[in-house]
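*Asks:*
Protein chains in written order, with my numbering: chain F, 1 to 436; chain A, 1001 to 1436.
1. If I measure Cβ to Cβ from residue 1323 of chain A and keep anything under 7 angstroms in the same chain, skipping five residues before and after, which residues do I get?
2. Could you tell me if residue 35 of chain F is buried or exposed, where buried requires 16 or more neighbouring beta carbons within 10 angstroms of its beta carbon?
3. According to a CB-to-CB cut-off of less than 8 angstroms, which residues of the stretch 339 to 372 of chain F neighbour chain A?
4. Classify residue 185 of chain F: buried if its beta carbon has 16 or more other beta carbons within 10 angstroms, exposed otherwise.
5. So what's residue 1394 of chain A in DSSP terms, helix, strand or just coil?
6. Hey, does residue 173 of chain F have any beta-carbon neighbour from chain A nearer than 8 angstroms?
7. If we define contact as Cβ-Cβ less than 8 angstroms, is residue 187 of chain F a contact residue for chain A?
8. How far does the alpha helix (DSSP H) with residue 141 of chain F in it extend, from its first residue to its last?
9. Hey, residue 407 of chain F and residue 336 of chain F are a contact pair by Cβ (cut 8 angstroms); roughly how many whole angstroms apart?
10. Provide the residue(s) that pair with residue 159 of chain F in DSSP beta bridges, ordered along the chain.
11. Closest to residue 1328 of chain A by C-alpha separation, out of A:1320, A:1016, A:1316, A:1023, would be which residue?
12. Establish whether the CB of residue 1036 of chain A and some CB of chain F are separated by less than 8 angstroms.
13. What are the boundary residues of the beta strand (DSSP E) that residue 52 of chain F is part of?
14. Under 8 angstroms Cβ-Cβ, which residues of chain F neighbour residue 1203 of chain A?
15. What is the rounded straight-line gap between the Cα of residue 376 of chain F and the Cα of residue 1295 of chain A?
16. For a minimum of 3 consecutive residues, which ranges assigned as the beta strand (DSSP E) are wholly contained in the stretch 164 to 241 of chain F?
17. Would residue 239 of chain F pass as an interface residue toward chain A - the criterion being a Cβ-Cβ separation below 8 angstroms?
18. Could you round the C-beta distance between residue 425 of chain F and residue 400 of chain F to whole angstroms and report it? I think they count as a contact, below 8 angstroms.
19. Listing by chain order, which chain F residues have their CB less than 9 angstroms from the CB of residue 1404 of chain A?
20. Would you say residue 163 of chain F faces chain A, with C-beta separation under 8 angstroms as the test?
21. By how many angstroms is the C-alpha of residue 17 of chain F removed from the C-alpha of residue 3 of chain F?
22. Could you check if residue 1248 of chain A is buried or exposed, using at least 16 other CB atoms within 10 Å of its CB as the buried criterion?
23. Can you name the residues of chain A whose CB is closer than 8 angstroms to the CB of residue 126 of chain F?
24. So who's on the other strand from residue 1103 of chain A, going by DSSP bridges?
25. Which residues does DSSP list as the beta-bridge partners of residue 1427 of chain A?
26. Please list, in chain order, the residues of the stretch 1259 to 1286 of chain A that have any C-beta partner in chain F closer than 9 angstroms.
27. So is residue 1003 of chain A in contact with chain F if we call contact Cβ pairs under 8 angstroms?
28. Does the stretch 1273 to 1284 of chain A come into contact with the stretch 1086 to 1093 of chain A, if we say contact requires no fewer than three beta-carbon pairs (one atom in each stretch) closer than 8 angstroms?
29. For residue 97 of chain F versus residue 6 of chain F, is the C-beta spacing smaller than 8 angstroms?
30. With a threshold of 16 other CB atoms inside 10 Å of the CB of residue 1388 of chain A, please say whether the residue is buried or exposed.
31. Name the two residues that bound the continuous alpha helix (DSSP H) containing residue 303 of chain F.
32. Identify every run of the alpha helix (DSSP H) within the stretch 267 to 348 of chain F, keeping only runs that are complete inside it and at least 4 residues long; order them along the chain.
33. For a contact meaning CB atoms closer than 8 angstroms, what does residue 228 of chain F contact in chain A?
34. For chain A, find out if any of its Cβ atoms is closer than 8 angstroms to the Cβ of residue 425 of chain F; answer yes or no.
35. Write down the C-beta distance between residue 1421 of chain A and residue 1238 of chain A rounded to the nearest angstrom, noting that I regard them as a contact closer than 8 angstroms.
36. What residues in its chain sit with their C-beta under 7 angstroms from that of residue 113 of chain F, if we drop five residues either side in the sequence?
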């Protein structure tokens, strides 16, 4: 595709090729007010500055809405709807393409280039959305099975409802942070001896701190309360996708979660990657999800059976002493339910979604029993019974203080055409010592 | 208390006596922009207009912050902190008191009275806060026991964790609505025969639609992520309290809730009363909650054992044909955990609360097995097995289309000194007929 060659220097292995154009919120030392940008190669393109300098002169349709690029979140841009995201992304691609029809906008305008192209190393990324509600699903069938076996044995591992509906729960929106934000180990109630007959909890720093490999999807289109989003229209509600680490305190979770689900075990922090890859950019990487051997109800039936994404996912762990290991490699195709199905289910009651709401996919684990395909340490360590090897003789059952977890994800294999997410990074800080 | 006599006509049986001064968000036909008000007797006091006319002239401490009263939510006013709420409430009480030291502000100023005093019947009430996150607890021990018996029998009714921590879960913030907003019966997946061996769900309008009698507490003080709120400081985070109806689709809930808790069964709507009664106004009505026979961990131990509120609660049901019944009478004292304990638990992991977050108490039922003390129809009908008598020969197991549920609540018995919440009303609309 010749339009995807650029006059601008984009490293061949960049996640942010011209085929991508992910959106985020940046600030810089020189201009500390958060604002909208896209990432291209090793640079952010400051769309606030671009707009102020008439960069969208050839795209009249966006002009009445240009204040969206000065906002400190993507909520307003997202709310313009997918057709607008499509034309804005295409326009930016065309401005950067080698044979751009608009050479005077940026290609031949060194002064504007100097103003709007900021090396990513000089950029501070912020949370891309002001997140109203966050819902976490559980669509990773292999993860659900692996965890179910641990808690209920293999025959009862998958609950009767699991293949009929995308199981999900409301999560905590306020503690979602952008990649790079440290995560403090939580304190809480844990059972030191879960097998003891008398259950008496102890107050303790979490001893079973875990990561969870997930995707997050941002909603762009609000639906009115009382009016469901039909499955066929659900893709219109989908702005884009990020990588997500749903940090989990497994010992807190085991004690607290009956009967109303996870609460404190998940509410201390969730990390997302800063650049939101638009649904449009992911379109070429749609694929079939896991086969569902159950006859699902019509409101969840998609016309298109290619509805999840083939994103190559990887988790790396670096310890305080600098030893590293790639602990997980899998694909985002290992989901039983797609984001459109989650949207249709979420709203079938009339629940209203809003621009900036976040949906988590659930933890993604591969189809084999290989430790290296599992998306959480709970699974990799079989509930703490086995170890995961790191370099330098180190090993892990769960996360230790100083551990840094990096999730990365990328679609496609053609250099110069990669559609990637960059990284989603979080480092564990020691728990607070509290006195009462 | 002579300061609580007013020069202004306040009905003796009003919930909004001078001892109360609840805050809300109003608009009127003449002035449709939502803004802050307080309720006194049968009137709202428009604090935006009051401010614009120099009504706070004698309260210099609020003057730098007066724009909070022009906001469409209480978030900014709440974020000023409890000491500021205290002085503003006291000032308004003094302006309205019979022997006001500021007679020229309002008492002798007919022109300002005409501007700021709006009969409540001319007022449209709005959601008082822009709610970031909503957490629903489960602190009504009798309700938890009654439900537990139904699902697990009496010996396993109360889970081992229940008396050690305030069990809670994240709820859906976007679908919280103000009193008077109709509630549409949700559609969803239900098991028509839950006892069948093979569990195959049917798509159906909810057949077991229920109300839940709860209190809601609004947070005023944000804590930094990673930094818990100590139990002794938790009352400083508490702005005030509303009545809450946590509508619940019991058949949807029974099928979906394993293993991650209620989701679609609760996400279609939650109704709150419009006037937020400040924590200060409720202070005289603090009382001991239910005794906890368990040794709780220090981070949940309150110095003051009077930490729940003695609010007389009542639920009335009016059918489409106009028949009515008072179906519940109980007190908000029937809670095992107080709001400060919920705050301390919620944040012990470092979870950050924000101004405008809402905490639900959990359903409140009385201590006896009397149907008329139970805070949900699930309990009153013993899971649909018994009926609840309404007038005119009508009866209910669960809510029918056209049913209107009204929760009311009031503290104190002295006429002219009542501290009440007004009402929290919702009427059931028929489910949408969907075709696929």
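For every residue, glycine included, the Cβ atom is placed at its ideal position computed from N, Cα and C.
*Replies:* From the atom records:
1. Position 323 of the second chain, counted from the start, is the residue given in the question as residue 1323 of chain A. Taken in chain order, the residues that qualify are 1390, 1391, 1392, 1394.
2. As a position in the first chain, residue 35 of chain F is number 35, starting the count at 1. Residue 35 of chain F should be labelled buried.
3. 345, 346, 348, 349, 350, 351, 352, 353, 354, 357
4. Within the first chain, numbered from 1, the residue matching residue 185 of chain F stands at position 185. Classification for residue 185 of chain F: buried.
5. Taking the first residue of the second chain as 1, we reach residue 1394 of chain A at position 394. Residue 1394 of chain A falls in the coil class under three-state DSSP.
6. As a position in the first chain, residue 173 of chain F is number 173, starting the count at 1. By this cut-off, residue 173 of chain F is an interface position.
7. Here residue 187 of chain F corresponds to residue number 187 of the first chain, with the count starting at 1. Judged by the 8 angstroms Cβ criterion, residue 187 of chain F is in contact with chain A.
8. Mapped onto the first chain, residue 141 of chain F falls at position 141. It spans 141 to 152 - the alpha helix (DSSP H) in which residue 141 of chain F sits, taken as one unbroken run.
9. As a working note, residue 407 of chain F is residue 407 in the first chain. As a working note, residue 336 of chain F is residue 336 in the first chain. Between residue 336 of chain F and residue 407 of chain F the Cβ distance is about 21 angstroms, and since that is not below 8 angstroms, they are no contact.
10. As a position in the first chain, residue 159 of chain F is number 159, starting the count at 1. Per DSSP, none; premise fails for residue 159 of chain F.
11. What you label residue 1328 of chain A is simply residue 328 of the second chain in a count that begins at 1. Of A:1320, A:1016, A:1316, A:1023, the residue nearest in Cα terms is A:1316.
12. Residue mapping note: residue 1036 of chain A aligns to position 36 of the second chain, counting from 1. Cβ-Cβ to chain F under 8 angstroms: no for residue 1036 of chain A.
13. Numbered from 1 along the first chain, position 52 holds the residue referred to as residue 52 of chain F. Per DSSP, residue 52 of chain F belongs to no beta strand (DSSP E); it is in the alpha helix (DSSP H), 47 to 52.
14. Here residue 1203 of chain A is taken as the residue at index 203 of the second chain, counted from 1. The contacting residues are 297, 298, 299.
15. Stepping through the first chain from its first residue, residue 376 of chain F is reached at position 376. Stepping through the second chain from its first residue, residue 1295 of chain A is reached at position 295. Between residue 376 of chain F and residue 1295 of chain A, the C-alpha separation is close to 34 angstroms.
16. 168 to 170, 176 to 178, 187 to 190, 202 to 205, 213 to 219
17. Position 239 of the first chain, counted from the first residue, corresponds to residue 239 of chain F. No, residue 239 of chain F lies away from the interface with chain A (no Cβ there is under 8 angstroms from its Cβ).
18. As a first step, residue 425 of chain F is located in the first chain; it is residue number 425 there, counting from the start. As a first step, residue 400 of chain F is located in the first chain; it is residue number 400 there, counting from the start. Contact doesn't hold; Cβ gap of about 16 angstroms is too wide.
19. Counting from 1 along the second chain, the entry for residue 1404 of chain A is found at position 404. Within 9 angstroms Cβ-Cβ: nothing; residue 1404 of chain A doesn't reach chain F, min ~17 angstroms.
20. On the first chain, position 163 is the one that residue 163 of chain F refers to. Taking Cβ atoms only, chain A never reaches closer than 8 angstroms to residue 163 of chain F, which makes this a no.
21. Along the first chain, read from residue 1 onward, the residue named residue 3 of chain F stands at position 3. Along the first chain, read from residue 1 onward, the residue named residue 17 of chain F stands at position 17. Bear in mind that a pLDDT of 45 at residue 3 of chain F, under 50, signals an unreliable position, so the number given afterwards is only what the model happens to contain. Going from the Cα of residue 3 of chain F to the Cα of residue 17 of chain F covers about 12 angstroms.
22. The residue you call residue 1248 of chain A lines up with position 248 of the second chain. Classification for residue 1248 of chain A: buried.
23. On the first chain, position 126 is the one that residue 126 of chain F refers to. None at all; the shortest Cβ gap to chain A is about 15 angstroms.
24. Numbered from 1 along the second chain, position 103 holds the residue referred to as residue 1103 of chain A. Answer is none; residue 1103 of chain A lacks a bridge partner.
25. If you number the second chain from 1, residue 1427 of chain A lands on position 427. Residue 1427 of chain A pairs with A:1404.
26. 1259, 1260, 1261, 1262, 1263, 1264, 1265, 1266, 1267, 1268, 1269
27. As a working mapping, residue 1003 of chain A is identified with position 3 in the second chain. The predicted model places residue 1003 of chain A with a pLDDT of 45, which falls under 50 and marks its position as unreliable, so this point remains unresolved.
28. yes
29. In the first chain, counting from the first residue as 1, residue 97 of chain F sits at position 97. In the first chain, counting from the first residue as 1, residue 6 of chain F sits at position 6. Yes, the Cβ-Cβ distance between residue 97 of chain F and residue 6 of chain F is below 8 angstroms.
30. In the second chain, residue 1388 of chain A corresponds to position 388, counting from 1. Residue 1388 of chain A is buried by the Cβ-count criterion.
31. Counted from its first residue, the first chain places residue 303 of chain F at position 303. It is not in any alpha helix (DSSP H) - residue 303 of chain F carries neither H nor E in the DSSP assignment.
32. 279 to 282, 339 to 347
33. What you label residue 228 of chain F is simply residue 228 of the first chain in a count that begins at 1. By Cβ distance, chain A contributes 1187, 1432, 1434.
34. Here residue 425 of chain F refers to the residue found at position 425 of the first chain. Not one chain A Cβ lies under 8 angstroms of residue 425 of chain F.
35. Here residue 1421 of chain A refers to the residue found at position 421 when the second chain is read from its first residue. Here residue 1238 of chain A refers to the residue found at position 238 when the second chain is read from its first residue. Rounded, the Cβ-Cβ distance is 15 angstroms, inconsistent with contact.
36. For this step, residue 113 of chain F is matched to residue 113 along the first chain. Once the five neighbours on either side are set aside, the close Cβ partners of residue 113 of chain F are 106.
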